[in-house]
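Read top to bottom, the protein sequences are chains A and B. Using the working numbering, you'd call the opening residue of the first sequence number 1 and step up by one each time. Using the working numbering, you'd call the opening residue of the second sequence number 440 and step up by one each time. For each residue, glycine too, the CB sits at the ideal point set by N, CA and C. Below: one structure, written as structure tokens.
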Amino acid sequence: MSPEVTVLLMFIMLLTGIFMGFPTAFVLGGVSVVFGTIFMGGDIFGLFIARLFGLMKNYTLLAVPLFLFMGVFMEKSGMAERLFSAMHLLWGGMRGGLGISTIAISAIFAAATGVVGASEITIGLMALPIMLEKKYNTSMACGAICAGGTLGILIPPSVMIIIYGPIARISVGKLFLGTLVPGLLLTFLYMLYIGIRCYLNPQDGPPMPREERQVSFKEKLRILFTSVIPPALIIFSVLGSIFFGIAAVTEAAAVGAAASMILAAGYGRLNMAVVREACQQTLTITCMIMMIAIGASFFSTVFVAIGGDEVITNLFLNLPMGKWGILMAIMLLLVLCGMFIDWMGILFIIVPLITPIAAKLGFDPVWFAVLVMVNLQISFLTPPFAYSIFYLKGITPPEVETTDIYRGVMPFVGLQVVTIILCILIPGIITWLPSHFIN
Amino acid sequence: MNQIQTIIKFIDGLSEFTGKIMIWLVVVLTAVIGYEIFSRYVLNTPTKWAFDISYMIGGTFFLMGEAWTLKKKQHVRIDIFYNQFSERKRAFIDIFFYLLFFFPLWAGLLYALIPYVQFSWEMGERSMQGYWQPILYPFKTIMPVGVFLLLLQGVAEFLKNVVIACGGDEIQ
């Protein structure tokens with residue numbers, strides 16, 4: 001059997017398994033065991049053991065449970081409620097102010113948690129009822145929560161970046177720096193969009209009446225010091241110690257976890273039940289992610305052994321469209337995959353295949369990696385398989401139609417595409433920070 | 440039928456028991472790395488052992504938790520079609536894929552792991568990384584134990600699906 005045919009059969013089996021609904025991790029592992037034993041016999045298990053042990057010994061990946069742990073405490077500390085009322089005062093008087101503050105909190109929360117689900121639900125539960133009550137445009141409100149929540153996976157520290165680093169063999173610190181500006185750019189564009197839209201159509205986001213936001217200067221200072229500064233301090237110290245090379249990513253994550261525990265204690269939300277719950281959630285999500293990592297590393301072992309990586313590389317490099325055309329093809333492929341597969345599947349299956357292609361085409365590895373991660377934002381918002389929409393659907397009141405949410409996320413998907421194009425036209429958006437901080 | 444239920448309940452209980460102990464390792468991990476940072480920057484005496492102990496805790500944490508995660512059905516599925524199938528159809532799909540994908544992989548891995556770990560014990564294998572160079576065989580033993588627990592939970596999930604496929608109710 002030629003490698004081309006084998007690759008095709010492997011992908012057919014993989015996609016069949018995934019779309020029949022068997023857990024992705026076990027499909028990846030299963031396909032590798034089937035093809036591995038056909039082509040290499042029982043020896044394949046020796047290679048699998050080496051890969052499994054490699055994952056268990058990986059020091060960088062330890063940052064995954066630690067950042068998850070930090071995120072759960074941030075979420076349970078009640079920080080979101082405090083931030084929301086602070087932002088309320090800050091932006092409330094503007095048209096669309098609640099939408100803008102939703103995005104602002106999402107960005108801060110994104111830096112504090114590093115995943116999408118929990119932060120989106122926490123923010124959605126606070127922001128959506130208020131926005132609906134204040135007669136905000138329903139679909140815009142839903143879109144803002146989905147798009148804002150999705151930032152969690154992009155703005156560092158994020159679990160996606162920690163996993164991306166080892167897969168593409170790039171330093172996680174560099175990727176953190178690379179994603180920072182695009183993440184903030186997206187945040188800014190989202191806010192700008194809501195601001196302009198509501199300025200032009202005030203009925204989409206009416207400003208809050210003056211009496212509801214009349215607070216003394218002293219009170220404002222108190223809110224600033226108790227609700228904005230403590231979490232901001234934690235986030236800056238975690239990211240700062242990574243950016244300035246003081247601590248490894250894993251160490252910074254441990255400090256962040258300890259600090260967020262102290263924050264929760266300071267807000268009076270820390271007790272045994274909360275700690276147990278946090279540990280449990282951390283275990284479950286870590287196990288889920290690591291199982292996909294195991295399955296995918298088995299898959300790539302077999303895939304490389306049968307020469308699959310060369311088949312895919314040649315397939316792309318032989319496209320008759322030049323360097324930039326191939327980049328466009330890769331970006332479109334990611335969007336297409338994102339409609340059907342979750343980000344972890346894409347990360348573990350597709351990224352190992354496209355990273356060498358980008359290297360052969362002469363693209364900067366950090367720039368390309370960040371571009372892919374910005375692109376993966378789209379996968380959260382595009383149906384039929386859109387995580388962010390699922391999360392929001394779980395908490396919306398019955399009068400919000402699913403079509404409202406779908407309509408609401410579309411402008412934000414547009415802004416994500418704009419950001420990708422900007423990052424391609426002005427590569428400095430991604431590369432400037434990493435090249436000035438870490439050598 | 441009753442015997443099958445007993446087996447399932449026993450395995451579920453075992454996975455849950457192990458998982459509920461393992462969850463605390465993340466606190467230990469935070470403490471170990473926190474202590475290392477403290478002794479490096481404040482006491483100026485970095486520990487020899489923190490690096491090795493951390494990855495050992497981390498590796499144990501996730502591998503030993505996989506069985507419970509499977510029991511709680513937390514491994515992600517792409518369920519756009521799956522959710523539209525009837526309960527029995529879903530059970531048949533799972534049975535098919537457990538037989539094709541799950542059991543060959545994890546049973547095969549367990550079978551290969553036993554001599555691998557046995558060899559490590561006989562060699563008295565030590566880590567070649569870092570300065571501490573701790574013994575590795577206890578940590579390597581986590582692999583067959585974790586894989587065994589996962590395989591066992593797979594058997595329980597498989598049996599649950601068989602019960603549904605035969606027209607019974609789901610066993611919680």
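Specify, as a first and last residue, the run of the alpha helix (DSSP H) that residue i falls within.
{"i": "A/PRO434", "result": "428-437"}
{"i": "A/SER227", "result": "Element bounds for A/SER227: n/a, residue is neither H nor E."}
{"i": "A/ASN314", "result": "308-317"}
{"i": "A/PRO129", "result": "117-133"}
{"i": "A/THR99", "result": "The displayed chain sequence assigns Gly, not Thr, to residue 99 of chain A. 97-113 is the span of the alpha helix (DSSP H), which, as asked, contains A/GLY99."}
{"i": "A/MET94", "result": "A/MET94 -> no alpha helix (DSSP H), and no H or E assigned at all."}
{"i": "A/PRO182", "result": "172-200"}
{"i": "B/GLU455", "result": "441-461"}
{"i": "B/LEU509", "result": "489-510"}
{"i": "A/VAL400", "result": "Here A/VAL400 belongs to no alpha helix (DSSP H), and DSSP marks it neither H nor E."}
{"i": "A/SER139", "result": "138-150"}
{"i": "A/LEU270", "result": "Element bounds for A/LEU270: n/a, residue is neither H nor E."}
Let me know the secondary structure DSSP gives residue i once reduced to three states.
{"i": "A/ARG407", "result": "helix"}
{"i": "B/ARG565", "result": "strand"}
{"i": "B/ILE517", "result": "coil"}
{"i": "A/ILE162", "result": "helix"}
{"i": "B/ILE574", "result": "strand"}
{"i": "A/TRP343", "result": "helix"}
{"i": "A/PHE385", "result": "coil"}
{"i": "B/ASP608", "result": "coil"}
{"i": "A/PHE363", "result": "coil"}
{"i": "A/PRO356", "result": "helix"}
{"i": "A/SER241", "result": "helix"}
{"i": "B/VAL481", "result": "coil"}
{"i": "B/PHE524", "result": "coil"}
{"i": "A/ARG210", "result": "helix"}
{"i": "A/ASP1", "result": "Correcting the residue type first, residue 1 of chain A is Met in the shown sequence and not Asp. Of the three classes helix, strand and coil, the one that applies to A/MET1 here is coil, per DSSP."}
{"i": "A/GLY394", "result": "coil"}
{"i": "A/LEU327", "result": "helix"}
{"i": "A/ALA247", "result": "coil"}
{"i": "B/THR486", "result": "coil"}
{"i": "A/SER216", "result": "coil"}
{"i": "A/GLY338", "result": "helix"}
{"i": "A/MET261", "result": "helix"}
{"i": "A/GLY205", "result": "coil"}
{"i": "A/LEU154", "result": "coil"}
{"i": "B/PRO543", "result": "helix"}
{"i": "A/ILE350", "result": "coil"}
{"i": "A/ARG169", "result": "coil"}
{"i": "B/PRO583", "result": "helix"}
{"i": "A/PRO320", "result": "coil"}
Rounded C-beta distance between residue i and residue j? I'm assuming under 8 Å.
{"i": "A/SER241", "j": "A/ALA252", "result": "5 Å"}
{"i": "A/MET20", "j": "B/ILE532", "result": "5 Å"}
{"i": "B/ILE472", "j": "B/SER454", "result": "Not confirmed; about 28 Å, so no contact."}
{"i": "B/ILE519", "j": "A/PRO384", "result": "5 Å"}
{"i": "A/LEU62", "j": "B/LEU468", "result": "7 Å"}
{"i": "A/VAL400", "j": "A/CYS142", "result": "7 Å"}
{"i": "A/MET208", "j": "A/GLY97", "result": "7 Å"}
{"i": "A/VAL115", "j": "A/LEU68", "result": "7 Å"}
{"i": "A/SER119", "j": "A/GLY149", "result": "6 Å"}
{"i": "A/TYR440", "j": "A/ARG95", "result": "Only positions 1 to 439 of chain A appear in this structure, which leaves residue 440 of chain A out of reach."}
{"i": "A/ILE162", "j": "A/THR60", "result": "7 Å"}
Only counting runs of 4 or more residues, tell me where the alpha helix (DSSP H) segments fall wholly within the stretch 10-92 of chain A, in order along the chain.
24-40, 44-56, 63-76, 79-91
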